[in-house]
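Undergrad:
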Amino acid sequence: CKESPGGLRDLQVISWVSKAAHLGNTFKDLSIAGLITKRELTELNRNQRFLETLRANLHLLAKRRQDVLAFDLQAPLAAAMGIKEESSRLASEAIMRRYYWAAKAVNQLNDVLLQNIEALLFPQESKTTHAIAGEGNECFIERQGVLDITDPQLFQKQPEKILRTFLVFAQTANVKSLSATIFRALYNARQKMDSKWRKDPVNRSLFMQILKEPEGVSRAFQLMNRTSVLGRYLPAFRKIVGQMQHDLFHVYTVDQHILMVLRNIRRFMVVEHTHEFPFCSSLIAHFEKPWLLVIAALFHDIAKGRGGDHSELGKADIRKFAKDHGLDKADTELLVWLVSEHLKMSQVAQKQDITDPDVVKAFAKQVGDERHLTALYLLTVADVRGTSPKVWNAWKGKLLEDLYRVTLRVLGGAKPDASSELAQHQEESRAKLRLYAIEDAAYENLWKQLDVAFFLRQDAADIAWLTRHLYNKVDSNTPVVRARLSPVGEGLQIAVYVKDQEDLFARICAYFERHGFSIWDARIHTTKHGYALDTFQISGSNLVDEGGSYRDLIQLVEFELTAALQNTDPLPSPSMGRLSRQSRIFPIQPRVHMIPDERGQYYALSLSASDRTGLLYAVSRVLAKHRVSLHTARINTLGERVEDVFLLDAANLSKNPKLQILLETELLEALGV
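Note that this note's numbering has the sequence shown beginning at 7, numbered continuously upward.
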């Protein structure tokens, strides 16, 4: 609350600059000098009192100097300041919302004051102006990269110029910010931004023009939010400004997250950023009406904080917007569907087996056609990336892209047939192996030990890589561990080939935990002759960051994991790491859910809990204890929250209902330690 934008430090900067310029020692002196209005003086004093009271209470609660609004202090801070919990908002969320609104006001007033002081100190520079070309833009000028207006009362006289300001801002490449005059005029015209103003066809047309601009859209919307114009044009958006999300994986307020997702969508369209996500950029370049995705980003979370399913509640908001702005039926239905289903693709990719033809077929049926699939894929990538820097990783990107591609084939008429998929994977693998001068007969013995499920769950490149290292070690008496830089572009891919044992997965997890690795994905396979062939996607070692190389890391993992698998000592007790501060204050109730699949071959085990070091090892140790075989593990870490899905062999579980209950009980204990 001191050093952050809009905090006490910004108010002190105003004071320091004022003194240095000999304009006065207090905000009142600035008002007397005509640099701020009486209303702005009142606003400055009110927000200064709030921020100082906030900081003083922080110090008292922490019993030391404390300038950070830490999670464990937010609730007691709200109580100390007399802020109570509301029906749909925690007291901690309410006080943080008040803080964000205060910081937003201080930030804006800081811009106004510093610009006014600069104009006073350097009058010649402030007089150099350029007209803005274009019909309806005669009242706008550009001054040293700042957009200004010729009449301070412009918005009072012509409220339709309010949104035109942001259209001109988006269209004028050399304009980087708005003038103090515009900031002040927008605030003074807030009463003009009423229901009549929102319903004006001119304003609706201007808003759509801003959305459709080829450049500057993200910057324009950031400014519209900063000046509260966006919230006044879209009342539903105003409700989520400053709204915290205590779900342990969103690190931004709802309005910040929405604008981050909007920015991500826009970056797919900008040539300078095509290197970031080339596949997404290619798709959006061929997507009809890409501005629809900007609207979807704007509305996908707009109904949060209302006490219900925001995906359902948001449908009414987007439908009304589409009707008010003249969108046709097809575009309207696409937007309504995107808002309603914007979480679907992420859930399927991260929690279900997308190599299962039935899973893909069901998802394709929900999507319906290529336009809906492409729109949902682009929105999903932008959404996950806009959640938190910790949530997105290359492996999740690969899962989403794989789901997109396989679903597209089904939508194109290809039947999700296991036999055709098997033949395709094997033929592509053979082609890759021939590049290494490995003849088909050389690995025939290995492939005979691998069943159909293995070839369906691995892509051709992985099959070829595994075959290269294992074709002459089919009956190896010692563990074979191979590692390489992950093909997804981040982390390592590890392969383990060893005679199967009941505690194998737990032993591997113990090694990864001890060395600080995070497991993104685990694929467990048992060959026909009793060998485990497991592959892992991992990340997290500090070795490379500390000056080592990936070659050193790969050699270290191969050597040490091989030694760990030859160790027959009992499994060590899990050393559960400490929960983060955020997880302690907003804990997630551990949940365990186990159901059999339709064929009775496997049980799907779903776990959710607060993340901590050693959690996966604790779970795997429970499974090993009860001799429950693992088929696949889908590890899904969302910031401070884990949502893991395991596919368990039903052999022991289906015969013993008491084992199911015991397993669930012990897993809950392991998750809740």
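Positions of the beta carbon are idealized from the N, C-alpha and C atoms, including for glycine.
1. Going by alpha carbons, who is nearest to Val112 out of Leu126, Arg15, Cys145, Gly522?
2. Please look up how many angstroms separate the CB atoms of Glu166 and Val208, rounded, as I've assumed it's under 8 Å.
3. Distance, Cα to Cα, His599 vs Ile301?
4. Once you ignore the five residues that flank Asn63 on each side, which residues in its own chain have a CB closer than 7 Å to its CB?
5. Would the stretch 620 to 638 and the stretch 498 to 515 be scored as touching if the rule is three or more Cβ pairs under 8 Å?
6. Excluding the 5 residues flanking Leu385 on each side, which residues of the same chain have their C-beta closer than 8 Å to its C-beta?
7. Considering Cα atoms alone, identify which of Ile469, Gln455, Glu450, Pro363 is closest to Ser425.
8. Quick check on this structure: which residue in Ala39, Leu50, Thr619 has the alpha carbon closest to the alpha carbon of Lys25?
9. Relative to the alpha-carbon of Leu452, which residue among Tyr477, Ala429, Leu472 has its alpha-carbon at the smallest distance?
10. If you measure between the beta carbons of Gln358 and Val625, is that distance less than 9 Å?
11. Is it true that the stretch 105 to 119 meets the stretch 52 to 72, where meeting means three or more beta-carbon pairs spaced less than 8 Å apart?
12. Should Ser482 go down as buried or exposed, given a rule of 16 or more other Cβ atoms within 10 Å for buried?
13. Alpha carbon to alpha carbon, what distance is there between Arg513 and Ala437?
14. Just list the alpha helix (DSSP H) runs in the stretch 102 to 186, keeping only unbroken ones of 4 residues or longer that don't cross its boundaries, in chain order.
15. May I ask you to report which of helix, strand or coil DSSP gives Thr541?
16. Note the first and the last residue of the continuous beta strand (DSSP E) segment covering Ile525.
17. Can you tell me the Cβ-Cβ gap for Leu414 and Ala355, rounded? I've got them flagged as a contact below 8 Å.
18. Which residue wins for smallest C-alpha separation from Asp655, given the options Gly606, Ala615, Glu649, Leu669?
19. Who are the near neighbours of Tyr517 in its chain, counting only those whose CB is closer than 6 Å to its CB and skipping five residues on each side?
20. Can the beta-carbon of Ile20 be found less than 9 Å from the beta-carbon of Leu126?
21. From Ala466, Val487, Gly30, pick the residue whose C-alpha is nearest to that of His475; which is it?
22. Would you report the Cα separation of Lys310 and Val260, rounded to the nearest angstrom?
23. Give me the residue from Lys202, Ala639, Gln72 with the minimum Cα distance to Ala610.
24. Quick check on the burial criterion: 16 or more other C-beta atoms within 10 angstroms. Buried or exposed for Ala420?
25. Please classify Gly13: is it buried, with 16 or more other beta-carbons within 10 angstroms of its beta-carbon, or exposed?
26. At which residues does the beta strand (DSSP E) containing Asp650 begin and terminate?
27. How close, in whole Å, do the beta carbons of Glu649 and Ser614 come, if the pair is a contact with beta carbons under 8 Å?
28. State the start and end residues of the unbroken beta strand (DSSP E) segment that holds Tyr503.
29. Taking Tyr556 as part of the beta strand (DSSP E), name the residues at either end of that continuous run.
30. My guess is that Leu472 and Ile544 are in contact by the Cβ rule of under 8 Å, so how many angstroms apart are they, rounded?
31. The alpha helix (DSSP H) that contains Thr233, what's its start and end?
32. What does a CB cutoff of less than 6 Å around Gly678 pick up in its chain, not counting 5 residues either side in sequence?
33. Can Leu184 and Asp157 be called in contact, C-beta distance under 9 Å?
34. How close, in whole Å, do the beta carbons of Leu265 and Gln228 come, if the pair is a contact with beta carbons under 8 Å?
35. Quick check on DSSP: helix, strand or coil for Met199?
36. Smallest Cα separation from Gly522: which of Tyr608, Phe542, Gly546?
TA: Quick answer:
1. Nearest option by C-alpha distance: Arg15.
2. So it is a contact: roughly 5 Å between Cβ atoms.
3. Looking at the two C-alpha atoms, the distance is approximately 36 Å.
4. Counting only Cβ-Cβ distances below 7 Å, and skipping sequence neighbours, we find Leu83, Ala86, Met87.
5. Contact between the stretch 620 to 638 and the stretch 498 to 515 is present, with at least three C-beta pairs closer than 8 Å.
6. The beta carbon of Leu385 lies closer than 8 Å to those of Val267, Ile271, Leu299, Ala302, Ala303, His306, Leu344, His348 in the same chain, with the five residues before and after it left out.
7. Cα-wise, what sits closest to Ser425 is Pro363.
8. When Ala39, Leu50, Thr619 are compared, the shortest CA-CA separation from Lys25 is found for Ala39.
9. Just measuring C-alpha positions, the residue of Tyr477, Ala429, Leu472 sitting nearest Leu452 is Tyr477.
10. No, they are not a contact pair.
11. A contact exists between the stretch 105 to 119 and the stretch 52 to 72.
12. Looking at its Cβ environment, which holds fewer than 16 other Cβ atoms inside 10 Å, Ser482 is exposed.
13. C-alpha separation (whole angstroms): 35 Å.
14. Qualifying alpha helix (DSSP H) stretches, in chain order: 129 to 133, 160 to 163, 167 to 177.
15. Three-state DSSP puts Thr541 in a strand.
16. Run containing Ile525: 524 to 529, per the beta strand (DSSP E) assignment.
17. That pair is no contact at about 14 Å.
18. It is Gly606 whose Cα lies nearest to the Cα of Asp655.
19. Residues Leu567, Ala570 of the same chain have their beta carbon placed closer than 6 Å to that of Tyr517, with the five preceding and five following residues left out of the count.
20. Their beta carbons are not under 9 Å apart, which means Ile20 does not touch Leu126 by this criterion.
21. Of the candidates Ala466, Val487, Gly30, the one whose C-alpha sits nearest the C-alpha of His475 is Val487.
22. Whole-angstrom Cα-Cα distance: 8 Å.
23. It is Ala639 whose Cα lies nearest to the Cα of Ala610.
24. Exposed: under 16 other Cβ atoms inside 10 Å.
25. Buried, by the Cβ-count rule.
26. Under the DSSP assignment, Asp650 falls in the beta strand (DSSP E) whose first and last residues are 647 to 655.
27. Their Cβ separation, rounded to whole angstroms, is 5 Å, which keeps Glu649 and Ser614 in contact under 8 Å.
28. According to the DSSP assignment, Tyr503 belongs to the beta strand (DSSP E) that extends over 498 to 505.
29. Looking at the DSSP string, Tyr556 is not in any beta strand (DSSP E); the run it does join, the alpha helix (DSSP H), is 556 to 572.
30. Wrong, their Cβ atoms sit about 16 Å apart, outside the cutoff.
31. No alpha helix (DSSP H) holds Thr233; DSSP gives it neither H nor E.
32. Close CB contacts of Gly678 within its chain, under the 6 Å cut and outside five residues either way in sequence, are with Pro596 (chain order).
33. No, the Cβ-Cβ distance between Leu184 and Asp157 is not below 9 Å.
34. Going by Cβ atoms, the distance from Leu265 to Gln228 rounds to 6 Å, so yes, they are a contact pair.
35. In this structure, Met199 counts as coil in the three-state DSSP scheme.
36. When Tyr608, Phe542, Gly546 are compared, the shortest CA-CA separation from Gly522 is found for Gly546.
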